[in-house]
Amino acid sequence: MDWNLLISQLMNGLQLGLLLFLLASGLTLIFGIMDFINLSHGSFYMIGAYFCGTIVAYTGSFLLGVLLGLAGVFVVGALVEWFIARKLYRADHLDHVLVTFGLILIFDTLVHILWGASGMAIPLPDVLNGQIILGNLVLPTYRLLIIFAGLMVAAILYLLVSKTRLGMLIRAGASNRTMVEALGININRLFLIVFALGAAMAGLAGMLIAPITEASIGMGNDIIIVAFVVVIIGGIGSVKGAFYAAMMLGLIDTLSRSYLDVLLGLTMPVEYAETAAPALSAMLIYILMAAVLAFRPQGLFPPAGMK
Amino acid sequence: MNWLPTTVAARVYALMLLILALAPFIFEWIDQPFYLDLLSRALILGIAVVSLNLILGFGGMVSLGHAAYIGIGAYSVGIASYYDFYNGWLHIALALSVSAGFALLTGAISLRTRGVYFIMITMAFSQMVYFTFLSLEEYGADDGLVIYARSEFPEIISMDSSTSLYYWIFALLLASLFFVYRLVYSRFGRVIVGSRFNEPRMQALGFDTYRYRLTCYVISAMMCSLAGMLLGNFTGFISPDMIGWARSGELIFMVIIGGAATIFGPLVGTIMFVVLEEALSAITVYWHLIFGMLLVALVLFGKGGIHGWLSRLDRKGAEHE
Chain A
207 MDWNLLISQL
217 MNGLQLGLLL
227 FLLASGLTLI
237 FGIMDFINLS
247 HGSFYMIGAY
257 FCGTIVAYTG
267 SFLLGVLLGL
277 AGVFVVGALV
287 EWFIARKLYR
297 ADHLDHVLVT
307 FGLILIFDTL
317 VHILWGASGM
327 AIPLPDVLNG
337 QIILGNLVLP
347 TYRLLIIFAG
357 LMVAAILYLL
367 VSKTRLGMLI
377 RAGASNRTMV
387 EALGININRL
397 FLIVFALGAA
407 MAGLAGMLIA
417 PITEASIGMG
427 NDIIIVAFVV
437 VIIGGIGSVK
447 GAFYAAMMLG
457 LIDTLSRSYL
467 DVLLGLTMPV
477 EYAETAAPAL
487 SAMLIYILMA
497 AVLAFRPQGL
507 FPPAGMK
Chain B
940 MNWLPTTVAA
950 RVYALMLLIL
960 ALAPFIFEWI
970 DQPFYLDLLS
980 RALILGIAVV
990 SLNLILGFGG
1000 MVSLGHAAYI
1010 GIGAYSVGIA
1020 SYYDFYNGWL
1030 HIALALSVSA
1040 GFALLTGAIS
1050 LRTRGVYFIM
1060 ITMAFSQMVY
1070 FTFLSLEEYG
1080 ADDGLVIYAR
1090 SEFPEIISMD
1100 SSTSLYYWIF
1110 ALLLASLFFV
1120 YRLVYSRFGR
1130 VIVGSRFNEP
1140 RMQALGFDTY
1150 RYRLTCYVIS
1160 AMMCSLAGML
1170 LGNFTGFISP
1180 DMIGWARSGE
1190 LIFMVIIGGA
1200 ATIFGPLVGT
1210 IMFVVLEEAL
1220 SAITVYWHLI
1230 FGMLLVALVL
1240 FGKGGIHGWL
1250 SRLDRKGAEH
1260 E
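Taken in order, these protein sequences are the chains called A and B.
Under this note's numbering, the residues of the first sequence are numbered 207 to 513, in order.
Under this note's numbering, the residues of the second sequence are numbered 940 to 1260, in order.
Here you go:
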């Protein structure tokens, strides 16, 4: 067994899981509190990457790029909530799917107009570009940073949701929106904040991954579907559920891509295993979601009080 | 002349069918054979959209995975031809049986869920189909599969010339419109529509709505696979790209532009979509922007799609008289 490979795969899984969590936590709150399906949440992921890349190109500072980029995506998210999403909270889910599908087209094209069709590479400062060597383990610094940043955000979000007044309102909103309204809370402002905050977290995920993959048009459209799988498996409206489900899916996806062929090889001829493994590993998360939906539709960790 | 259609919508649809029936001659006359290709593609998608409308519009089952059945139909032609089986009946049988089997299996699971969960689970199943074809190296994986010959229907009609293929498509489209019309106004269809509005009430009346809805889902999937079979024949090429979730999103879009839960609306929506796509993409590379804005505006302001708009014209006219 190659322990180095296993550890680096575990790190990749952890990294994917945290990125998924950044996307899914906002998605699950928007879904749970406003009952709004936002397919265009992946666009915030893309916009975050482009904002950050542009600011880095002008200022040369990655940190500045992330901070200003976050503010930028927060504003974009707020605008989308204000002008579009707000009008549709009580509408049919089908309308949400259509409008946000339209938004994806709009954002993808706007990025095409503003930044061109080819991707945008984001250079990393030298400090982050190196490697950390532990014994005979070589760990890329930047990947460690992504994991660290992801865990930090998760911790902050946990504190925000469980210890502050805003968090209390968010939790209350996820369990029973009508009751929160009835108690005289300015629900419109709460919705605006949650939407924009969710957008900013998705943007952060895009900024973090872009230095590795580079920013490109439509980069959010595949991962957003996986983020939806996370939301469903974790339970709609549950940040805790999103965290566990994201970690689980990140690890399952990464590990199955590298080890499933070996596992299948134990039960069937190697050449069949090598054909079946990639398909099966790509499908695994969807199979998992279908199973959860069929047997436990409320998700694995539904928010308290939600039926 | 009381045999003439009386409402604005009915007149528009009658005129449209007449134009569609004469289209090959019109295009030959104005010497624009390319338009026939465009229209053929629109009508093929029309069959798929009409089938989606059956479950989405009439049945209230919002499936974000209907493109999977186009894929199954097209790959039935592609894979059979790959092994030198060109018999069209075989292709049809393959498309129908595989799509029915898949729809029965996945529908049985999906229909246990409601609302958002149904949207997501249908999407998940279609992604499974997508990844299956994406990983089948033997059949081209993500490069797609070229279909060198069209399905053969010995001694009946050839699909070789683009005009005869067009009439094949047109005939199948008419058949599916008629079929959906008859189905929706049958007892079966009333149960389906009734379950959309109030399922507990239908159950209280003694109907096993789950079975009805599942049957409807399977029928719709089989119709859609026929569209896929035609699409494979028409384009001579099939790739997993035709199955992705964004394609299913486009199909929903077409239903809504035209007007869900109407017989002709979805067909009009599809033709509008394909023509707009072609016209806009000829003007600017940024046509998706206009498309996206149209979609947002449609949901925010345009209730009922084109059919709804045409019907409102009637009501206005009636108020004047």
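Here a beta-carbon is modelled for each residue, glycine too, at the ideal position from N, C-alpha and C.
Rounded Cβ spacing between residue i and residue j (contact assumed at less than 8 Å)
i                  : j                  : result
PRO509 of chain A  : GLY404 of chain A  : The pair is not a contact, with the Cβ atoms about 16 Å apart (cut-off 8 Å).
HIS318 of chain A  : ILE423 of chain A  : 6 Å
LEU235 of chain A  : VAL400 of chain A  : 5 Å
GLY223 of chain A  : GLY1231 of chain B : Contact flag wrong, Cβ pair sits at about 31 Å.
ALA1013 of chain B : MET1181 of chain B : 7 Å
MET495 of chain A  : ALA1110 of chain B : Their Cβ separation, rounded to whole angstroms, is 40 Å, which puts MET495 of chain A and ALA1110 of chain B out of contact at 8 Å.
Where residue i falls, given that 16 or more other Cβ within 10 Å makes a residue buried
i                  : result
TYR1170 of chain B : The question names Tyr, but residue 1170 of chain B is Leu in the sequence shown. Label assigned to LEU1170 of chain B: buried.
TRP1028 of chain B : exposed
ASN427 of chain A  : buried
GLN337 of chain A  : exposed
GLU287 of chain A  : buried
LEU365 of chain A  : exposed
MET940 of chain B  : Low local confidence applies: a pLDDT of 46 at MET940 of chain B is under 50, so the model's placement there is unreliable, and no value is given.
Beta carbon of residue i nearer than 8 Å to that of residue j
i                  : j                  : result
ILE353 of chain A  : MET454 of chain A  : no
LEU226 of chain A  : ALA452 of chain A  : yes
ALA1166 of chain B : ILE1048 of chain B : no
MET326 of chain A  : GLU387 of chain A  : no
LEU978 of chain B  : ALA960 of chain B  : no
LEU1035 of chain B : SER1187 of chain B : no
THR1071 of chain B : ILE1060 of chain B : no
GLY409 of chain A  : PHE237 of chain A  : no
ILE310 of chain A  : LEU363 of chain A  : no
ALA230 of chain A  : VAL436 of chain A  : yes
GLY1198 of chain B : GLY1244 of chain B : yes
SER1164 of chain B : ILE994 of chain B  : no
LEU334 of chain A  : TYR348 of chain A  : yes
Short CB-CB distance (under 8 Å) between residue i and chain B
i                 : result
PRO503 of chain A : yes
MET489 of chain A : yes
PRO509 of chain A : no
MET252 of chain A : no
PHE257 of chain A : no
GLY308 of chain A : yes
ASP314 of chain A : yes
VAL435 of chain A : yes
HIS247 of chain A : no
ASN427 of chain A : yes
PRO484 of chain A : yes
LYS513 of chain A : Confidence in LYS513 of chain A is poor, its pLDDT being 42 and thus under 50, which makes the residue's placement unreliable; the coordinate value appears in the next sentence. By this cut-off, LYS513 of chain A is not an interface position.
MET495 of chain A : yes
ILE391 of chain A : no
ILE376 of chain A : no
ASP467 of chain A : no
For residue i, the nearest candidate out of the options (CA to CA)
i                  : options                                    : result
GLY322 of chain A  : A:THR260, A:ALA488, A:LEU212, A:GLY409     : A:THR260
ILE1195 of chain B : B:LEU1073, B:PHE1240, B:ILE1086, B:PRO1179 : B:PHE1240
TYR256 of chain A  : A:VAL435, A:MET425, A:ARG502               : A:MET425
PHE997 of chain B  : B:MET1141, B:ARG1251, B:GLY1145, B:ARG1129 : B:ARG1129
ASP298 of chain A  : B:GLU1138, B:GLY1054, B:GLY1040, B:GLY1244 : B:GLY1054
ALA987 of chain B  : B:ILE1158, B:ARG1121, B:TYR1087            : B:ILE1158
ASP459 of chain A  : A:ILE393, A:ALA483, A:GLY219, A:TRP209     : A:GLY219
ALA479 of chain A  : A:LEU490, A:SER249, A:ASP467, A:ALA485     : A:ASP467
PRO391 of chain A  : A:ALA263, A:ALA402, A:LEU372               : According to the sequence as given, residue 391 of chain A is Ile; it is not Pro. The shortest Cα separation from ILE391 of chain A among A:ALA263, A:ALA402, A:LEU372 belongs to A:LEU372.
PRO1093 of chain B : B:TYR1025, B:GLU1077, B:ILE1222            : B:TYR1025
VAL1214 of chain B : B:ALA953, B:LEU975, B:ASP970, B:PRO944     : B:LEU975
GLY1247 of chain B : B:ALA1114, B:PRO972, B:GLY1204             : B:GLY1204
LEU1050 of chain B : B:PHE1118, B:LEU991, B:GLY1079, B:TYR1151  : B:TYR1151
ASP1081 of chain B : B:TYR1069, B:PHE973, B:VAL1037             : B:TYR1069
MET240 of chain A  : A:ASN335, A:ASN382, A:LEU228               : A:ASN382
ALA981 of chain B  : B:LEU1228, B:ALA1114, B:MET1141, B:MET1211 : B:MET1211
ILE1086 of chain B : B:PRO1139, B:TYR1022, B:LEU957, B:PHE1041  : B:TYR1022
is_contact[residue i, chain A] using C-beta, thresh 8 Å
i                  : result
HIS1005 of chain B : no
GLN1066 of chain B : yes
MET1059 of chain B : yes
GLY1231 of chain B : yes
THR1201 of chain B : no
PHE1070 of chain B : yes
TYR1056 of chain B : yes
GLU1260 of chain B : Because the pLDDT of GLU1260 of chain B is 45, which lies under 50, any placement of that residue in the model is unreliable, and the question is left without a value.
TRP1184 of chain B : yes
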